[in-house]
Amino acid sequence: MGLLEQHKQPAVKETKMQEEKLQELLQYVSQHSPFYKELFAKHQVDISVIKTLTDLSLIPPTTKEDLQQRNNDFLCVPAEKVVEYTSTSGTLGSPVTIALTENDLNRLAYNEYNSFSCADGSKNDIYQLMLTLDRQFMAGIAYYLGIRKLGAGIIRLGPGVPALQWETIKRLKPTAIVAVPSFILKLIAFAKEAGIDVNQTSVKKAICIGENIRNTDFSLNILGKKITESWDIHLYSTYASTEMQTAFTECGEGKGGHYQPELVIVELLDENNQPVEPYTPGEVTITTLGVEGMPLLRYKTGDICMYFDEPCACGRTSLRLSSILGRKKQMIKFKGTTLYPPALFDLLNEREEILDFVVEVYSNEIGLDQVLLYVLPIENSEECDHRIRAYLQARLRVSPHIKYVTAEEIQKIQFSEASRKAIKFIDKRA
Ligand SMILES: [Zn+2]
3 MGLLEQHKQP
13 AVKETKMQEE
23 KLQELLQYVS
33 QHSPFYKELF
43 AKHQVDISVI
53 KTLTDLSLIP
63 PTTKEDLQQR
73 NNDFLCVPAE
83 KVVEYTSTSG
93 TLGSPVTIAL
103 TENDLNRLAY
113 NEYNSFSCAD
123 GSKNDIYQLM
133 LTLDRQFMAG
143 IAYYLGIRKL
153 GAGIIRLGPG
163 VPALQWETIK
173 RLKPTAIVAV
183 PSFILKLIAF
193 AKEAGIDVNQ
203 TSVKKAICIG
213 ENIRNTDFSL
223 NILGKKITES
233 WDIHLYSTYA
243 STEMQTAFTE
253 CGEGKGGHYQ
263 PELVIVELLD
273 ENNQPVEPYT
283 PGEVTITTLG
293 VEGMPLLRYK
303 TGDICMYFDE
313 PCACGRTSLR
323 LSSILGRKKQ
333 MIKFKGTTLY
343 PPALFDLLNE
353 REEILDFVVE
363 VYSNEIGLDQ
373 VLLYVLPIEN
383 SEECDHRIRA
393 YLQARLRVSP
403 HIKYVTAEEI
413 QKIQFSEASR
423 KAIKFIDKRA
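So the mapping is simple: the working numbering equals the position in the sequence shown, first residue as 1, plus 2.
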């Protein structure tokens with residue numbers, strides 16, 4: 003067998019396995035899901051002709067709005083079979099309830115067992131969970147169940163309170179932490195103040211949740227760099243959402259989150275619901291496999307990622323997802339290029355001339371997206387202005403409008419909506 007065939011072999015097996023599971027799923031939802039029964043009838047979808055993954059395109063995608071408006075119609079089991087009610091955070095729009103059965107919880111445990119194993123975890127590890135395990139947060143229980151299955155130790159410390167986190171690290175000597183990367187920065191800052199040498203502690207790795215730590219070329223972004231410059235630990239990024247009940251987690255290579263083909267079918271689709279090529283941004287669209295409570299068919303997550311399909315150096319051959327480029331709703335089409343706020347934030351964070359900023363997007367008189375940057379510069383000079391403009395032109399290849407503001411003015415813009423968190427992105431588009 004040639005090298006190429008060896009690599010091809012597992013993919014063929016995966017496809018066959020997924021196609022069998024897909025047919026089971028179609029049978030299941032056509033009998034038990036009020037939403038999909040209606041969808042199949044309305045669009046005259048004949049599930050008996052859907053045999054291959056390519057045939058999936060015969061089913062219209064499900065949107066977040068469908069799930070918000072028809073939430074209960076997605077439930078495929080009677081209420082007495084539901085053991086856990088989780089909920090999405092509702093950062094964009096109203097929250098959605100995802101109900102899980104006992105089997106779904108077991109599936110979730112298996113999913114995170116795979117995730118933590120992929121991120122070089124073993125029974126010898128002790129994980130300090132710096133996140134909430136209540137408030138209907140699915141990821142919290144998912145990590146807990148997955149780590150238990152792994153046989154590793156768990157310290158459920160909860161979010162925040164750096165002093166308590168460090169005190170516990172000293173006392174119980176965890177080998178790993180699970181945390182939001184910006185909180186890891188706060189931990190580092192606290193340690194510096196308190197005279198704790200972070201590199202002399204037991205912690206050797208961090209599973210980073212909720213925020214990107216990498217650019218699309220896999221290099222660490224500003225956040226990832228800031229962490230590792232002070233703290234010599236290995237960072238593993240993980241991407242998941244409540245709706246898909248499945249995680250994409252990096253291995254030690256740090257080259258994107260590994261796909262679990264037995265748990266989910268993933269498609270990356272363009273605006274016309276056509277599959278995109280590798281290394282091309284597309285909307286993550288998932289079909290859950292093995293979910294009993296609220297299975298989803300071609301659910302469009304709203305997250306824009308790229309995928310990579312060459313085998314990973316760790317030996318896994320299934321595809322990998324990049325970190326999230328942005329949310330579909332926040333996509334900016336500016337002078338012929340497509341931009342997402344996180345990429346813009348990374349660019350602006352990188353310049354020492356820029357102390358703070360707010361990105362505003364609005365529609366001009368002919369409905370095209372325009373970008374206005376409110377910038378607090380390090381100094382008000384022509385030379386500083388020139389450096390900022392040259393940098394943006396070089397990196398964006400287009401020049402947004404810039405309005406220089408004072409510290410007081412930017413404060414007003416960032417906290418205008420009585421929000422506790424500084425607003426960095428304002429969307430004024432119609
Ligand atoms: Zn890998």
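C-beta atoms are modelled at their ideal positions from N, C-alpha and C, and glycine is treated no differently.
Take residue i and list the residues in its own chain whose beta-carbon comes closer than 8 Å to its own, dropping the five residues that flank it on each side.
i	result
I52	L24, Q25, L28, L58, L60, I61
H9	Confidence at H9 is low in this model, with a pLDDT of 44, below 50, so the placement of that residue is unreliable and no value is reported for it.
V180	Y129, Q130, L131, M132, L133, Y145, A208, I209, I211
S418	I425
L271	P63, P277, V278, G284, E285, T287, K302
G338	V400
M19	P263, E264
Taking 6 Å as the limit between beta carbons, can you name the residues of its chain near residue i, skipping five residues before and five after?
i	result
D429	V363
G4	Only weak support exists for where G4 lies, its pLDDT of 41 falling under 50; the coordinates are left without a value.
G258	F310, R322, L323, S324
P36	D75
A424	Q416
V14	none
Y281	M308
E16	P263
G153	K125
C120	T251, C253, H260
V377	I356, F359, I404, Y406
Y38	V31
P390	Per the sequence presented here, residue 390 reads as Ile, with Pro not at that position. Around I390: E355.
Counting along the chain, where does the beta strand (DSSP E) carrying residue i start and finish?
i	result
H403	403–406
A242	236–243
F427	427–429
I49	From DSSP, I49 is part of no beta strand (DSSP E); its letter is neither H nor E.
G317	Taken as a continuous stretch (DSSP letters only), G317 belongs to no beta strand (DSSP E), as it is neither H nor E.
L270	266–271
K335	334–336
E285	284–290
A249	248–251
I209	207–210
Please name the residue or residues paired with residue i in a DSSP beta bridge.
i	result
R158	L131
S32	In DSSP, S32 forms no bridge with anything.
R329	D305
F76	Beta-bridge pairing links F76 to no other residue.
Q372	Y364
Y87	A101
F310	R322
V1	Since the first residue shown for the chain is 3 and the last is 432, residue 1 is missing from the structure and cannot be characterised.
P277	L271
G259	L323
Looking at the unbroken alpha helix (DSSP H) that takes in residue i, where does it start and where does it end?
i	result
P97	Premise fails: P97 is in no alpha helix (DSSP H) and is neither H nor E.
T170	164–174
Y393	384–398
F220	Where F220 is concerned, there is no enclosing alpha helix (DSSP H), given that its DSSP letter is neither H nor E.
E67	66–71
E411	409–416
L341	Counting along the chain, L341 falls outside any alpha helix (DSSP H), though it belongs to the beta strand (DSSP E) covering 339–341.
I179	It is not in any alpha helix (DSSP H) - I179 instead sits in the beta strand (DSSP E) that spans 178–181.
I149	140–152
Residue i and residue j look like a contact to me (Cβ under 8 Å); what is the Cβ gap, rounded to whole Å?
i	j	result
S204	T177	6 Å
F250	Y241	5 Å
I334	L375	Not quite, the Cβ-Cβ distance comes to about 12 Å (not below 8 Å), so this is no contact.
S96	Q70	6 Å
I235	D348	About 21 Å separates the two Cβ atoms, so there is no contact after all.
T90	V98	5 Å
Closer than 7 Å by C-beta to residue i: which residues in its own chain qualify, once you throw out the five before and the five after it? Chain order, please.
i	result
F42	S32, I49
N105	E294
T65	K302
K228	L187
V200	I190, A193, S232, W233
A101	L77, V84, Y87, G295, M296
D45	One point to set straight first is that residue 45 is His, not Asp, in the sequence displayed. Result list for H45: P62, in chain order.
Quick check: is any heavy atom of ligand 2 less than 7 Å from the C-beta of residue i?
i	result
H403	Because ligand 2 does not appear in the structure shown, any question about it cannot be addressed here, the ligands present being ligand 1.
### Message
Measuring CB atoms only, is the stretch 211–223 touching the stretch 154–172, in the sense that at least three cross pairs come out at less than 8 Å?
### Response
These segments do not touch.
### Query
Per the contact definition of three or more C-beta pairs closer than 8 Å, is the stretch 150–159 in contact with the stretch 184–198?
No, because fewer than three Cβ pairs between the stretch 184–198 and the stretch 150–159 fall closer than 8 Å, the two stretches do not touch.
### Query
Are the stretch 130–139 and the stretch 274–281 touching by the rule of at least three beta carbon pairs closer than 8 Å?
The stretch 130–139 vs the stretch 274–281: no contact.
### Query
Pairing CB atoms from the stretch 283–297 with CB atoms from the stretch 346–363, are three or more of them under 8 Å?
No, because fewer than three Cβ pairs between the stretch 283–297 and the stretch 346–363 fall closer than 8 Å, the two stretches do not touch.
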